[in-house]
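A quick write-up on the structure given underneath.
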Amino acid sequence: MTKLPVRVRFAPSPTGPLHAGGVRTALYNYLFARQQGGQMLLRIEDTDQTRFVPGAEAYILEALEWLGITIDEGPQTGGPHAPYRQSERKEMYREYAERLVNEGKAYYAFDTAEELDAMRKRLEAAKVAAVQYNAITRQEMTNSLTITAEETKARLESGEPYVIRMKIMPKEDIRFNDLIRGWVVVHSSQIDDKVLLKSDGMPTYHLANIVDDHLMGITHVIRGEEWLPSAPLHVLLYRYLGWENTMPKFAHLPLLLKPDGNGKLSKRDADLGGFPIFPLQWTDPVTGDIAKGFREEGYSPEATTNFLALLGWNAGTEQELFNMEQLIEAFSFERVHKAGARFDIQKANWFNQQYLKLQDDASIVAQLKPLYAAEGILVTDEQLIQIVHLLKDRVHFVKEIVKESLFLFSAPVEYDQDVVIKKWNEEAVRAITGFKDSLVAFDGNFVADQIKAALSASMEAQGVKMGKIMQALRLAVTGAGAGPDLMVIMEILGKEEVINRLTISLDRLPAQIHLA
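Anchor point for the sequence shown: position 126 equals 1587 in my numbering, and the numbering is continuous, going up by one each time.
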């Protein structure tokens, strides 16, 4: 039997921003398709027009592009199976639904909302475990299985609202082999007669999904665990439509869990925790509420994809940093976990820090310029290079470099009181005064190693050990008791500014001297 070329699809609904779980699904589809030399399709599943949100489709496309997930066929790129929006394929689905009715595998149901509600209440009152429209309850409802063919025809011709339901046969095992979970077996008694075609003529997800996957030649359906309960129904639909031999292989991915591991990750968890779960920032078109995005919060696309790739999968090695090419090469369903993956935003921050360290300085400088401009700070490219060298390895995000460097642009007005109490003493004041005086006469290159040599010489001349006054010296220059390399800080500030800061601090702090 000839092996079909791999074709996968990412099929989101345009109902809002793309959740991290959806991003991971798209990513795994992409990795597998590229690894196998196959193709990836984007299909917009917008059959439920009541949930359609303006701007959601554009958001999905922009998010995938930012993450580096390229699409071979879709609404924007086109392709041989267009259109790729289900709302534009409406009439196609009716044909298959009617075919199932004609073959006795589906039926027309004319039940009103009141009749369906009465059925539910009747079953609940009888304490029936599963309240379903199924092989038993359908016998008491208004459908083409309980009324005559003549009455069915008359109702259809009169324009009476109806749905088409799938006819599930009782006492049958439905089984399929999931690439992640192995064999899954479900008894047909657990499945109800799902609606395939709604009263507005639009298909439900179940029908549209199977028809499109078949017509588009999809070989592998890679989707979230939440779709696992629907998989047996889909297997039956492939069988009913005579497509069982070309049915795609299924892979149901593990859930993304809350940071504490208890329950499925939600937007509310992100809002309470103050972290993003969407790739891009999203503004609700109705409420105006803004949800955080990885991009706007300062995460790089490389760090984001690396973080998400390892939520539920690992390469079986100690390696944690993977670029896209490495992920494509290493990915396998055998290494995808069945259990849910805890969403640890601190790990995402760590990934971003690692990728920031790998960025070249020129790239970081380019990102910093508008950030400093927004703060009203004038800074030269030479200063920016120095600042990047100073702080690059100490932050998780580019924007933190601005925050952490503000002390370079104004002399301290507040001082770390713990350091003042412990280290700002008579000996420190004498030593720092001597160092300041030595700087006035300093005529060499004011660079870190020569500054350190000048400091060492000054301390030696005064008989003071450098270690005893370093924290006090840092306090006088920056106002803080800890931070990056002090010699590099003084190099960036320049001789005149260092002298100025030491003078100011020596003037402000003497009253707080604690004798050594």
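We treat Cβ as the ideally placed atom computed from N, Cα and C, and that holds for glycine. Treat the numbers as computed from the prediction; the structure is a model and nothing was measured.
Mapping the DSSP letters down to three states, classify residue i as helix, strand or coil.
| i | result |
| --- | --- |
| E1526 | helix |
| M1931 | helix |
| E1534 | strand |
| L1657 | strand |
| R1599 | helix |
| A1977 | Note that A1977 scores a pLDDT of 39, beneath 50, so its modelled location is shaky; the value from the coordinates is reported in the next line. Residue state, collapsed to three classes: coil. |
| G1895 | helix |
| W1885 | coil |
| S1474 | coil |
| P1541 | coil |
| M1462 | Confidence at M1462 is low in this model, with a pLDDT of 47, below 50, so the placement of that residue is unreliable and no value is reported for it. |
| N1604 | strand |
| I1912 | helix |
| A1802 | strand |
| V1874 | coil |
| V1856 | coil |
| S1919 | helix |
At which residues does the alpha helix (DSSP H) containing residue i begin and terminate?
| i | result |
| --- | --- |
| R1583 | 1574 to 1586 |
| Y1816 | 1806 to 1819 |
| N1490 | 1481 to 1496 |
| R1729 | 1728 to 1734 |
| D1968 | 1956 to 1969 |
| P1693 | 1692 to 1701 |
| Y1594 | First-last for Y1594: undefined, no H or E at that position. |
| Q1510 | Looking at the DSSP string, Q1510 is not in any alpha helix (DSSP H), and its letter there is neither H nor E. |
| I1848 | 1842 to 1852 |
| T1609 | From DSSP, T1609 is part of no alpha helix (DSSP H); its letter is neither H nor E. |
| D1904 | Taken as a continuous stretch (DSSP letters only), D1904 belongs to no alpha helix (DSSP H), as it is neither H nor E. |
| Y1833 | 1822 to 1835 |
| S1866 | 1859 to 1866 |
Using CA coordinates, which residue listed in the options is at the minimum distance from residue i?
| i | options | result |
| --- | --- | --- |
| E1705 | L1714, H1713, A1712, H1695 | H1695 |
| Y1489 | E1836, N1775, G1928, V1849 | N1775 |
| W1527 | L1689, L1657, G1759 | G1759 |
| L1970 | S1917, K1830, I1893 | I1893 |
| A1922 | G1837, L1657, R1891, E1952 | R1891 |
| E1549 | Q1844, G1895, R1504, K1632 | R1504 |
| F1493 | N1604, E1795, R1599 | E1795 |
| P1715 | L1640, A1731, D1730, A1519 | L1640 |
| K1753 | L1845, V1469, P1478 | P1478 |
| D1805 | D1732, K1719, Q1814 | K1719 |
| G1685 | R1485, D1842, M1627 | R1485 |
| E1506 | V1682, D1673, G1942 | D1673 |
| A1570 | T1613, K1551, R1560 | T1613 |
| N1670 | P1473, T1841, N1784 | P1473 |
| E1621 | K1582, L1657, D1572 | D1572 |
Let's test the definition: count the other Cβ atoms within 10 Å of the Cβ of residue i and tell me whether it reaches 16, buried, or not, exposed.
| i | result |
| --- | --- |
| G1773 | buried |
| Q1932 | buried |
| L1976 | Summary for L1976: the model assigns pLDDT 42, below 50, so the residue's position carries little reliability; its value from the coordinates is reported in the next sentence. Under this definition L1976 is an exposed residue. |
| E1887 | exposed |
| M1462 | Only weak support is given to the placement of M1462: the predicted model assigns it a pLDDT of 47, under 50, and the question is left unresolved by the model. |
| I1652 | buried |
| N1563 | exposed |
| G1722 | exposed |
| A1543 | exposed |
| I1625 | buried |
| K2013 | The structure shown does not extend to residue 2013, since the chain spans only 1462 to 1977, so no value can be given for it. |
| L1717 | buried |
| T1765 | buried |
| H1798 | exposed |
| H1648 | exposed |
| E1952 | buried |
| A1800 | exposed |
| M1501 | buried |
| S1660 | exposed |
Kindly identify the DSSP beta-bridge partner or partners of residue i.
| i | result |
| --- | --- |
| G1751 | Here residue 1751 is Ile; the residue named in the question, Gly, does not match the sequence. According to DSSP, I1751 bridges with T1744. |
| I1984 | Outside the shown range of the chain, which is 1462 to 1977, sits residue 1984, and nothing can be said about it. |
| V1647 | I1635 |
| M1501 | V1469 |
| V1797 | W1774 |
| F1783 | Partner(s): none; F1783 has no beta bridge. |
| R1546 | I1505 |
| F1739 | G1754 |
| K1725 | L1718 |
| P1664 | L1658 |
Along the beta strand (DSSP E) that carries residue i, what are the first and last residues, could you check?
| i | result |
| --- | --- |
| A1567 | 1567 to 1570 |
| R1626 | 1624 to 1627 |
| R1560 | Not the beta strand (DSSP E): R1560 falls in the alpha helix (DSSP H), residues 1551 to 1563. |
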